[in-house]
Amino acid sequence: MSNSFIPFPQYENAVFCGDKAAEILGALRIYSRALIGGEVPSMELLHPAEKPLECISCLLDNPEGILKTALRRMNADYVLLEDNGKEDFNPAVLKEKIESFGVPVKLLDVKGDADEVLRRAGKLYSAERQAERVIRDRKERMEKLLELEVPKGRRVVVLLGIRNPIRHESYVFRVAAHSDLSKLLSAQFDVRNLFESTPEKDLIAGIQELGNVEELFALDPDLICLTGDALAGTTALQNALKAGAKPCRAVTEGRIAALPYYCDALSWRAPLILEEWSEALMW
Numbered sequence: 000m001s002n003s004f005i006p007f008p009q010y011e012n013a014v015f016c017g018d019k020a021a022e023i024l025g026a027l028r029i030y031s032r033a034l035i036g037g038e039v040p041s042m043e044l045l046h047p048a049e050k051p052l053e054c055i056s057c058l059l060d061n062p063e064g065i066l067k068t069a070l071r072r073m074n075a076d077y078v079l080l081e082d083n084g085k086e087d088f089n090p091a092v093l094k095e096k097i098e099s100f101g102v103p104v105k106l107l108d109v110k111g112d113a114d115e116v117l118r119r120a121g122k123l124y125s126a127e128r129q130a131e132r133v134i135r136d137r138k139e140r141m142e143k144l145l146e147l148e149v150p151k152g153r154r155v156v157v158l159l160g161i162r163n164p165i166r167h168e169s170y171v172f173r174v175a176a177h178s179d180l181s182k183l184l185s186a187q188f189d190v191r192n193l194f195e196s197t198p199e200k201d202l203i204a205g206i207q208e209l210g211n212v213e214e215l216f217a218l219d220p221d222l223i224c225l226t227g228d229a230l231a232g233t234t235a236l237q238n239a240l241k242a243g244a245k246p247c248r249a250v251t252e253g254r255i256a257a258l259p260y261y262c263d264a265l266s267w268r269a270p271l272i273l274e275e276w277s278e279a280l281m282w
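Note that the sequence shown covers residues 0 to 282 in numbering that gives the first Met the number 0.
Structure follows, in structure tokens:
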């Protein structure tokens, strides 16, 4: 999308509750003063100008404690709640409770594909033209991806690194084959994530404890993919090698790539994310 079609940002004196809602509105260049999320790791890096308040689970447990003071200090005009239809994880159920604080509430239905949600958001904020531009750009990028000769059936191991935004700490996790990222890659490029596991072990959807890195080496992937904070992932690999782990071919041949993470809340970014993955998969 060329610069001439990117609108000036619109800043709302509001709190946006829900990662997908915040992302979709960000695609329209509409931003809040504060966010409540929890599905997208390191969301503060994608939305640096918006204050992260808490996670959705915390909000659902204690809406008054988390929101009431912030709304008063901001003198907020309204709260936007995403309606995601997820049992036990849907901010929309708090509509009446938050209205009882004396603050108007808007709802954004984020169910369905990215184009549908972009159109709903565009209508809600009178940004229909920008919504259609984003949709058109997504379509053009997806069509160009189909023209690429990306080798099918690549076998990968995917790690997710998260850096603590306050303390000098980082954490590394495995991304499982049932994750949204793995499903996206499988559908687009027939990529096979070698880490098979059960959702019951998830910390958040599709994300599990790192465990023994040597076990991942033993899977002999074609490519080791470091999503999120790549330095954290690289450090985990280096620590395993220093401890005596036998390197796999991907390590000895230098097939380790820093690549973007994906989950459904980031669905409007799918073409952009796939573009980067396509380059690494052609190594």
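Heads up, the beta-carbon is just placed ideally off N, CA and C, and yes, glycines get one too.
None of the values given here were measured: they were computed from a predicted structure.
Cβ pair residue i, residue j closer than 7 angstroms
i, j, result
"Val-171", "Leu-209", "yes"
"Lys-122", "Gly-84", "no"
"Glu-277", "Ala-113", "This sequence places Ser at residue 277; Glu is not what is there. Contact: no."
"Pro-6", "Arg-32", "no"
"Val-149", "Asn-192", "no"
"His-167", "Gly-205", "no"
"Tyr-30", "Glu-49", "yes"
"Thr-226", "Tyr-260", "yes"
"Lys-19", "Ala-269", "no"
"Arg-153", "Leu-271", "no"
"Asp-179", "Cys-262", "yes"
"Val-212", "Ala-239", "yes"
Residue i versus residue j: straight-line alpha-carbon distance, rounded
i, j, result
"Arg-162", "Leu-93", "31 angstroms"
"Val-104", "Val-174", "35 angstroms"
"Leu-215", "Asp-87", "33 angstroms"
"Glu-98", "Asp-76", "12 angstroms"
"Val-102", "Gly-25", "22 angstroms"
"Ser-196", "Ile-55", "25 angstroms"
"Cys-247", "Val-133", "41 angstroms"
"Phe-100", "Asp-82", "20 angstroms"
"Val-155", "Glu-199", "22 angstroms"
"Arg-72", "His-46", "20 angstroms"
"Ala-130", "Ala-249", "41 angstroms"
"Gly-160", "Gly-37", "16 angstroms"
"Pro-51", "Leu-59", "16 angstroms"
"Asn-74", "Trp-282", "52 angstroms"
"Glu-139", "Ala-126", "20 angstroms"
"Glu-146", "Leu-258", "21 angstroms"
"Ile-165", "Leu-117", "33 angstroms"
"Lys-151", "Pro-8", "40 angstroms"
"Arg-128", "Met-42", "26 angstroms"
Residue burial classification, residue i (beta-carbon count within 10 angstroms, cutoff 16)
i, result
"Thr-251", "exposed"
"Glu-115", "exposed"
"Ala-235", "buried"
"Gln-237", "exposed"
"Pro-90", "buried"
"Arg-119", "buried"
"Met-0", "With a pLDDT of only 48 at Met-0, under the threshold of 50, the placement of this residue in the model should not be trusted; the figure read from the coordinates follows. Label assigned to Met-0: exposed."
"Ser-181", "buried"
"Gly-17", "buried"
"Leu-184", "buried"
"Gly-64", "exposed"
"Ala-217", "exposed"
"Ala-242", "exposed"
Of the listed residues the options, nearest to residue i (C-alpha basis)
i, options, result
"Asp-228", "Ile-35, Asp-18, Pro-40, Lys-19", "Pro-40"
"Arg-137", "Lys-19, Leu-273, Met-281, Ser-181", "Leu-273"
"Gln-187", "Glu-142, Ala-264, Leu-240", "Glu-142"
"Leu-80", "Ala-269, Glu-275, Ile-35", "Ile-35"
"Asp-221", "Ala-239, Val-190, Tyr-261", "Val-190"
"Leu-44", "Glu-127, Leu-144, Met-73, Glu-22", "Glu-22"
"Tyr-10", "Gln-207, Glu-199, Tyr-124", "Tyr-124"
"Cys-224", "Leu-218, Arg-248, Arg-254", "Arg-254"
"Lys-96", "Lys-241, Asn-61, Leu-117", "Asn-61"
"Leu-144", "Glu-275, Pro-8, Trp-282, Asn-12", "Glu-275"
"Leu-66", "Glu-146, Ala-126, Phe-15", "Phe-15"
"Ala-69", "Asp-108, Leu-106, Asn-12", "Asn-12"
"Leu-106", "Val-78, Trp-282, Lys-151", "Val-78"
Chain C within 7 angstroms of residue i, Cβ atoms only
i, result
"Ser-169", "In the displayed structure, chain C is absent; only one protein chain is listed."
Cβ separation of residue i and residue j, assumed to be a contact under 8 angstroms, to the nearest whole Å
i, j, result
"Ser-169", "Ala-231", "4 angstroms"
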